[in-house]
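**Q** Protein chains in written order, with the numbering used here: chain A, 102 to 219; chain B, 32 to 350; chain C, 8 to 190; chain D, 159 to 881. Heads up, the beta-carbon is just placed ideally off N, CA and C, and yes, glycines get one too. Sharing a structure with you now.
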Amino acid sequence: MSGTRKNAIKSIITALVVCLVAIAALAATTTKGNEGKGKFYYKQDCKQCHVKGAPGGELTPLSKTQAQWKAFFAKGKHPGDNQPLLKVKDMDEEKLNDIYTFLYNHAVDSPQPETCGK
Amino acid sequence: MKSIEWGFLIVSYLFLGGLSAGAFFASALATFLQHNGNRQLERIGRWGALLAPWPVSIGSTLLIFDLGNWYRFYKLFLHFRIVSPMSIGSWLLVLFTIVSLLYLWSWLDADDKRGLFAKIPRRLSVLQRYDYDLSPWRHHLAAIGFPLSICVGIYTGVLLGAVQSRPFWNTNLVAQLFLFSALSSGCAAIILALSLSKDTLSAEEFRFLYTMDIGLLVLEFFVVMPYVIHGELSVEAVKLSLGLILGGPFTIVFWVFVVGLGLLVPLTMEVWEMLPAVSGRGAIHYTKRMALSAAGLVLIGGFLLRYIFVFAGQRSSFP
Amino acid sequence: MAKASKRHALVIDSRKCLNCKACVVACRAENNVPLEFSRNWLNVELRGEYPRLLAICEPEQCHHCADPACVRVCPTGASFQRADGIVAINATECVGCRYCMIACPYNARFFRQDIGVVEKCDMCRKRVDRGEVPACVETCPSKVRVFGDINNPDSQVSQLLSRRQYRVKKPEAGTSPQIYYLL
Amino acid sequence: MDRRKFLRFTAGGTVGAAAVSAVYMAPFHKEPQKGPQRVEIPTTCEMCVNKCSVIAVVENGIIHKLNPNPANPRSRSMVCARGNAGLQQVYDPARLKRPLIRAGARGEGKWKPATWDEAFDFAAQKLTAIKEKYGPQATIWSSTESFQETFFKSLGLAFGSPNVERHPTLCLASVNLAYSLTFGTVPAFDLANAKYIIMSGANRLESFITPDTMDLIESAMEKKARLVYLDPRFTVTASKADEWYPIKPGTDAAFILAMINVITAENRYDKEFVSTYTVGFEQLAEYVKPFTPEWAEVETEIKAKDIVRIAREFSDAAPRAVYYAGRRSSWYRDDFQMRRAQAILNAIVGSWDRQGGMVPNQKIALGEVSYLPWDDPTAPRIEDMDKNFPLAAKGDGAYLKMRENVLAGVPYPVKGWMVHKQDPMNALPEQAKTLRVIDQMDFIGVIDVQMSDTAWYADAIFPESTYLERQDPVEVLSGMVPVVVYRQAAIKPLHDTKTTLEISQGLAKRLNLSQYFDYTIDQWIDAEVKELPLEAPLDYLKKHGVWVPPGGPKYGSTLTLEHRFITKSGKIELYSERLQEAGYDPLPKYTTPLQPPSGQYRLILGRRAYFTQANTTNNPWLNQFCPDNQLWIHPNSARDAGIADGELVEVASTVGAVKLKAHVTQEIRPDCVFMLHGYGKKSKWQRLVAGKGGADAEILETAWDKVSGGGAFHETFVKVRKA
């Protein structure tokens, strides 16, 4: 009987994990964040390591395609040191999602047409 | 930006200036012809002298008020520009006016002057001391004024003729035309005056004035004709400008009123009156009415001539 | 002050004129020209029949003649010609007789009732004395007008006149105008 | 009006006195005792959207003249008629001089002068009421392109409205979208070096004086570039062109497709370029087969042999050959298709990123003040871009669809309208509808320098300082040669006016949005310029008015295998999957335009560079060139309609009628009529054009381009009869 319980707990945990992952992934992939805020947080928390010559190397929305940004945030880790993006400064899910939205919407293959003026 | 800048003030001024010149011219001529006590033409000399100063003075005043800044007219006499007809003209006018005034003074006899001075209020009695008698100088003044009068007469034409950008004007004939017209209008003025005076023209006066006026009108006619004919044979611009009086807006005024009523009609009238004197048979057909109308027509013609030249001229230009 | 050796002139390439009126407004501003007048203007002409049409637009202003009739006839010397060829008016000397307007073959002058004097293009002499070019020349988008010293063989105007055919307007008026229209 | 005279009325102090004497003493011509104290201030023009650099010459505190600033390689040493007339905007006695609050009925023209506090409080209270009753989305924020537009937009967004409506859909939305979808960007056209230039109605020598105008006249006249011009009107551009074709209106796409047909059929396209940098050529080649020159001749009324010749000459001249995009492209219901066809034609001959061809714009990165971002609006845009115009620029909105939905009240009611330097009354067709929108508003606030027709119907008016009286954020003019331009005040404000930032902050304070505007104009500018590679950037700009980065035009930066175009495929998209996915035609679709029924004419619009849209027709220095607008009509049409030149005629469409004088001229197709924009104003303060001539806005019918949402202003047929 203990075995069955263990299994049950195991399965529940796996289920939970799966759910969490799914939720995280969902959070990461949905584009309904706040673009404006995303730009703000990006400049606040990401930029100084991600300009020309800085350790992170230059990184702008145009650095990747929408698919690449999607994958990047789904993975949720800095390449190389594998530091989770959520660990950067006072990052949280919402901020991260805003940043993702900003980068995704302005990706190199984003359908944002040019307009006249700012 | 083309506009008519010179209007009736200028027309009148040109006319009046010429009138004075003509009056003086006739008067001076009459004076010269006086010798050894012969006084047959004295009235012409006197009347001419009396008339001469006033039209030109009025004309000059009009001229001043035609200026954009009338109060700056004095600047005209701060400069003398030999190349500017107007500059020469303004000096000429001043000289002529002064001489003609002195000349007039020289014609006043004692009682005329007494009458004048009597009118002066006592306060200004100081003026009495200017009661000089210039009559001895009469001939000299006439001699000085004579060329001046011719200059004034011709100047009014030169003023326009010297403008090369207005083909309608730009020929020496305009100067001559204006001169003859001026002198004849002066002549006509005197005829008018004498005819209106209580005892009308004497035979000598008539002979003198009519000979002169007929001569001038004939000359005038023989300037108008070449002006038109030569113009028609001239360059495009002149031809075009003549269009203004040949089938243009000024045609009727020019041919009917200037050439016709202002020149040929009075000419024939005067010739007709004169005829007996020429043939030496019979008495001259002088009638007051005739003289008045002939003279009047000459004056009107003279005025309209200037009207046409001032207005048509400004309209004409190179195509 | 300009040197005696200088001879300012305008060379105009009307083909490039867009009838955009920049020169007219620039002049109005620079010289405070009242709305009812203009020191420079554009002669516009349309020829032909749809669809075969030809439009001609040609800027004009005072031609700053080498032998200016306006200067000659001026009784007070208010109209004068500078050593560098610019024909201008000294407003304080002008009595407003308008003889110059009558003498100008190009009708380039106008009479200002309000101040009783005659005015016209003076090639922005104040600017020229500062070493600038006239306002109409400077402002032109297609650079229709070229301003310079025709006595200087290296100047752009001399270059143009030596390379291109040109005409002047109403030479028969005998004032030897100094606006050269390239053909 | 004469500035000196102006000062007799307004300015005071010694300056005024000096100037006044200039007038009163004029008859005596006392020359100024000493030369006036003279300063030159480099700044930036705002008479149109072109941002030319000018130098304000200020004498004794009065702006004497605006000279060109040759330091700017874009505007060079050029100031157009408008630029020169800028003075009149400043010294216009009928300017907006203090805040106004409506006293009478809307449009009655009764105003109560107010203090800024009163005006702000009044507006804030109205807007708050609307927000509480209907939500923030119940407000429209109409802005137009200007250096301070960003502050106004921020206010609208911070307020929580999704409906910031910008001008492009009244202007060039279809061009922008077409080129963006093809090249991932909207390029510049290297007219200075082009050898063969084709223009469809882009009247660059008449309607708008820009660097392109200068380059075009230079290449056409001096460098002998060939200019082929298509336009139903004989414009100035037509008069300078080597070939002018009065093409049948709305058939330009047929002409272009036929050119592509010839070029592909005769293998005249740039094979190497096409294979390396583009996708979808095969589909294109297949697609254009039916569009033969003979077919196009019927559509366009341009002879097939001419089309063939032009296509050949064009491809021979490539890459120094361009089909010029043009500026205002709000013409037809399928305008986008024609612009796409142009882009594709230019692409297949390889006129991309090469001298004399199209060249991607260089940009200059500016810094930004970091301000607190606001929450996204909870409601969608009223015109629901995702549904109606999925590919269009979302931030711009789609003006005409917006107006339809506002009138219909779907998906939600709109009760407030804030307008920044826009004049929807004239900018939008079918003025009657705009008036209905105005009627249903609880509040209308307008920021402007003059009493526009829209201001005339407003409840509160916030007078903006003119461009010569204020300091603006710096702007980057991206282009082949990008520059940074700066606008500084030439004089202090003459009247009780404010800048748009001050106005936005004033309103924000009362709307409890101050936290989003906690910066000054100086901080803003400092942040912008600090990234420029200059010692003291701002001092430099104050001194020169413009900064030009070293190194002129660059060609070929995108012609590398690594380069990825900002498109779905990463290449130049002749065939666009993105369009297909969005349910549009992946290749430009041609639709034969409707023709006016007999007795009617197609109303076509155009601009004259004295006038910026409807804005400067009341400027006395410009108005004198065209005191009233007239109806251009061909002599034959005039005969049919029984109209003589100069006669007053009534021009009627299905939505309205206007009266104006007829201008019978050879310069237009017999099936078209034309009138200038910006006349027949309602605003009595627009003295020179109030009720003078006719307002095209009153008779234009509402129509828009399906893809870009841009207005279609050449789709109206009108009846013309003697009035």
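So which of B:308, B:275, B:44 has the shortest CA-CA distance to residue 94 of chain B?
**A** On the second sequence, position 63 is the one that residue 94 of chain B refers to. Comparing Cα positions, the closest option is B:44.
**Q** Roughly how far, in whole angstroms, is the beta-carbon of residue 196 of chain B from the beta-carbon of residue 110 of chain C, given that I think they are within contact range, below 8 Å?
**A** As a first step, residue 196 of chain B must be located in the second sequence, where it is residue number 165. As a first step, residue 110 of chain C must be located in the third sequence, where it is residue number 103. Residue 196 of chain B to residue 110 of chain C, Cβ: 6 Å. Contact.
**Q** Using a Cβ cut-off of 7 Å, which residues of the region 790-801 of chain D contact any Cβ in chain C, in chain order?
**A** Correct list: 792.
**Q** Give a yes or no on whether the minimum CB-CB distance between residue 180 of chain C and chain D is below 8 Å.
**A** As a position in the third sequence, residue 180 of chain C is number 173, starting the count at 1. Chain D, which has no Cβ nearer than 8 Å to the Cβ of residue 180 of chain C, makes this no.
**Q** Which residues of the region 100-122 of chain C have a Cβ closer than 9 Å to any Cβ of chain B? Give them in chain order.
**A** Hits within the stretch, in order: 100, 101, 102, 103, 104, 105, 106, 108, 109, 110, 111, 112, 113, 114, 115, 116, 117, 118, 119, 120, 122.
**Q** Count the other CB atoms, across all protein chains shown, that sit within 10 Å of the CB of residue 293 of chain B; report buried if there are 16 or more and exposed otherwise.
**A** Reading the second sequence from its first residue, position 262 is the one you call residue 293 of chain B. Residue 293 of chain B comes out buried.
**Q** Looking at the structure shown, is residue 162 of chain D part of a helix, part of a strand, or coil, going by DSSP?
**A** As a position in the fourth sequence, residue 162 of chain D is number 4, starting the count at 1. Per-residue confidence for residue 162 of chain D stands at a pLDDT of 48, beneath the threshold of 50, marking its modelled position as unreliable; no derived number is given.
**Q** Could you tell me the distance, in whole angstroms, from the CA atom of residue 381 of chain D to the CA atom of residue 94 of chain C?
**A** Here residue 381 of chain D corresponds to residue number 223 of the fourth sequence, with the count starting at 1. Here residue 94 of chain C corresponds to residue number 87 of the third sequence, with the count starting at 1. Distance between the alpha carbons of residue 381 of chain D and residue 94 of chain C: 35 Å.
**Q** Which runs of the alpha helix (DSSP H) spanning at least 4 residues fall entirely within the region 249-335 of chain B, listed in chain order?
**A** Counting only runs of 4 or more, we get 267-273, 296-310.
**Q** Using C-beta distances below 6 Å, list every residue in its chain close to residue 292 of chain D, excluding the 5 sequence neighbours before and after it, in chain order.
**A** In the fourth sequence, counting from the first residue as 1, residue 292 of chain D sits at position 134. Taken in chain order, the residues that qualify are 571, 573.
**Q** Does the beta-carbon distance from residue 406 of chain D to residue 384 of chain D come in below 8 Å?
**A** Taking the first residue of the fourth sequence as 1, we reach residue 406 of chain D at position 248. Taking the first residue of the fourth sequence as 1, we reach residue 384 of chain D at position 226. In this structure, residue 384 of chain D does not lie closer than 8 Å to residue 406 of chain D by Cβ.
**Q** What span of residues does the beta strand (DSSP E) with residue 87 of chain C cover, start to end?
**A** Residue numbering aside, residue 87 of chain C sits at position 80 when the third sequence is read from its first letter. It spans 86-88 - the beta strand (DSSP E) in which residue 87 of chain C sits, taken as one unbroken run.
**Q** In chain C, what lies closer than 9 Å to residue 379 of chain D by C-beta?
**A** By 1-based counting over the fourth sequence, the position of residue 379 of chain D is 221. What residue 379 of chain D touches in chain C: 20, 22, 23, 149.
**Q** Mind checking who residue 189 of chain C pairs with in its DSSP beta bridge?
**A** Within the third sequence, the letter at position 182 stands for residue 189 of chain C. Note: residue 189 of chain C sits in a beta bridge opposite C:173.
**Q** What first and last residue would you give for the alpha helix (DSSP H) that runs through residue 49 of chain B?
**A** Taking the first residue of the second sequence as 1, we reach residue 49 of chain B at position 18. Segment 39-63, the alpha helix (DSSP H) holding residue 49 of chain B.
**Q** For residue 178 of chain A, which three-state DSSP category applies?
**A** As a working mapping, residue 178 of chain A is identified with position 77 in the first sequence. Here residue 178 of chain A sits in strand by DSSP.
**Q** Straight-line CA distance for residue 518 of chain D to residue 748 of chain D?
**A** As a first step, residue 518 of chain D must be located in the fourth sequence, where it is residue number 360. As a first step, residue 748 of chain D must be located in the fourth sequence, where it is residue number 590. Near 27 Å, if we compare the C-alpha coordinates of residue 748 of chain D and residue 518 of chain D.
**Q** Which word fits residue 664 of chain D, buried or exposed, when buried means at least 16 other C-beta atoms lie within 10 angstroms of its C-beta?
**A** For the purposes of this step, residue 664 of chain D is taken as residue 506 along the fourth sequence, with counting starting at 1. It is buried - the Cβ of residue 664 of chain D has at least 16 other Cβ atoms within 10 Å.
**Q** Assuming residue 452 of chain D is part of the beta strand (DSSP E), what are its boundary residues?
**A** Working through the fourth sequence from its first residue, we reach residue 452 of chain D at position 294. That residue, residue 452 of chain D, is in no beta strand (DSSP E); its alpha helix (DSSP H) goes 451-458.
**Q** What does residue 177 of chain C touch in chain B if you count any residue whose Cβ is under 7 Å from its own?
**A** Counted from its first residue, the third sequence places residue 177 of chain C at position 170. Here the neighbours are 349.
**Q** Since residue 845 of chain D and residue 252 of chain D should fall inside the 8 Å C-beta cutoff, what is the C-beta to C-beta distance between them, to a whole number of angstroms?
**A** Locating residue 845 of chain D in the fourth sequence gives position 687, counting from the first residue. Locating residue 252 of chain D in the fourth sequence gives position 94, counting from the first residue. Indeed they touch by this definition, with Cβ atoms about 6 Å apart.
**Q** Check residue 18 of chain C in the structure and name its three-state DSSP category.
**A** In the third sequence, residue 18 of chain C corresponds to position 11, counting from 1. Note: residue 18 of chain C maps to strand in three-state DSSP.
**Q** Is residue 325 of chain B closer than 8 Å to residue 300 of chain B when the C-beta atoms are compared?
**A** Along the second sequence, one-based indexing puts residue 300 of chain B at 269. Along the second sequence, one-based indexing puts residue 325 of chain B at 294. Yes; because the gap between Cβ atoms is below 8 Å, this pair is in contact.
**Q** Taking Cβ positions only, does residue 344 of chain D come closer than 8 Å to chain A?
**A** Sequence index remark: in the fourth sequence, residue 344 of chain D carries index 186 (1-based). It does: the Cβ of residue 344 of chain D has a partner Cβ on chain A nearer than 8 Å.
**Q** Nearest by alpha-carbon distance to residue 444 of chain D: which of D:461, D:430, D:695, D:423 is it?
**A** As a first step, residue 444 of chain D is located in the fourth sequence; it is residue number 286 there, counting from the start. Out of D:461, D:430, D:695, D:423, D:423 has the C-alpha closest to the C-alpha of residue 444 of chain D.
**Q** Between the C-alpha atoms of residue 255 of chain B and residue 42 of chain B, what's the straight-line distance to the nearest angstrom?
**A** As a position in the second sequence, residue 255 of chain B is number 224, starting the count at 1. As a position in the second sequence, residue 42 of chain B is number 11, starting the count at 1. The straight-line gap from Cα to Cα measures roughly 19 Å.
**Q** Where in the region 785-859 of chain D do unbroken runs of the beta strand (DSSP E), each at least 3 residues long, occur, reported from the N-terminal end onward?
**A** Runs of the beta strand (DSSP E) inside the region 785-859 of chain D: 788-791, 806-810, 815-822, 830-832.
**Q** Measuring only the C-alpha atoms, how far is residue 534 of chain D from residue 146 of chain A?
**A** Against the fourth sequence, residue 534 of chain D aligns to sequence position 376. Against the first sequence, residue 146 of chain A aligns to sequence position 45. Between residue 534 of chain D and residue 146 of chain A, the C-alpha separation is close to 20 Å.
**Q** For chain C, is any of its Cβ atoms less than 8 Å away from the one on residue 206 of chain D?
**A** As a working note, residue 206 of chain D is residue 48 in the fourth sequence. Closer than 8 Å: no.
**Q** Are any of the Cβ atoms in chain F nearer than 8 Å to that of residue 66 of chain C?
**A** Of the protein chains in this structure, namely A, B, C and D, none is chain F.
**Q** Can you pull the chain C neighbours of residue 36 of chain B, defined as C-beta to C-beta under 8 Å?
**A** Working through the second sequence from its first residue, we reach residue 36 of chain B at position 5. Under the 8 Å cutoff, chain C gives 105, 108, 109, 118.
**Q** Below 8 Å on the Cβ atoms is my contact criterion, and I expect residue 176 of chain C with residue 71 of chain C to pass it. Report the Cβ-Cβ distance as a whole number of Å.
**A** Position 169 of the third sequence, counted from the start, is the residue given in the question as residue 176 of chain C. Position 64 of the third sequence, counted from the start, is the residue given in the question as residue 71 of chain C. About 12 Å separates the two Cβ atoms, so there is no contact after all.
**Q** Residues of the region 62-93 of chain C in Cβ contact with chain B at a cutoff of 7 Å, in chain order, please.
**A** Within the region 62-93 of chain C, the qualifying residues are 76, 79, 80, 81, 82, 83, 84.
**Q** May I ask you to verify whether the region 365-375 of chain D touches the region 131-144 of chain C, counting CB pairs closer than 8 Å and requiring at least 3?
**A** Flag = no, the region 365-375 of chain D and the region 131-144 of chain C do not touch.
**Q** Which residues, in chain order, does the region 175-196 of chain B contribute to contact with chain C at a C-beta distance below 9 Å?
**A** Listed by position along the chain: 190, 191, 193, 194, 195, 196.
**Q** State the CB to CB distance for the pair residue 622 of chain D and residue 657 of chain D, rounded to an integer number of angstroms; the pair is presumed to be in contact (CB under 8 Å).
**A** For the purposes of this step, residue 622 of chain D is taken as the residue at position 464 of the fourth sequence. For the purposes of this step, residue 657 of chain D is taken as the residue at position 499 of the fourth sequence. Correct: roughly 7 Å between the Cβ atoms.
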